[in-house]
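Here is the structure we will look at, set down as structure tokens.
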Amino acid sequence: IDGIILHLHAAPGKKRMLTADDPTSALIVELYDPQKLQARIDVPLSEAAGLRVGQPVRLSTDLLPDARFNGEVTRIVGEADLQRNTL
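Basically this note's numbering = 1-based index in the sequence shown + 4.
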């Protein structure tokens, strides 16, 4: 198993109790692979016609203002959010 720890739900020597009302009670650790991150982006409807699967993208985020992430469009969900005027 390879990845970076996203959330550590248990500490060494600590017991975990499984409970039906807490879906995270069965988790010990959550990992992620930084090479396989996904972003779900709202796109203004006026720009949606220009989107294509395979199109390169460059993302930035308010959380990491100096970082840039390169990727590509892998899927376009065809359901509009009319309240936000986005796809």
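For glycine and all other residues, C-beta sits at the position ideal for the given N, C-alpha and C.
With a minimum length of 4 residues, the unbroken runs of alpha helix (DSSP H) contained wholly in the stretch 17 to 54 fall at 49 to 52. In the structure shown, Arg56 adopts coil according to DSSP, grouped into three states. According to DSSP, residue pairing for His11 in a beta bridge involves Glu34. Secondary structure note for Glu76: its beta strand (DSSP E) is the uninterrupted segment 73 to 76. Less than 8 angstroms separates the beta-carbon of Leu63 from that of Gly75. With fewer than 16 other beta carbons inside 10 angstroms of its own, Leu10 counts as exposed. About 3 angstroms separates the beta carbon of Gly7 from that of Leu35, a gap short enough to meet the 8 angstroms contact definition. Counting only the Cα atoms, Lys19 lies some 10 angstroms from Ile32.
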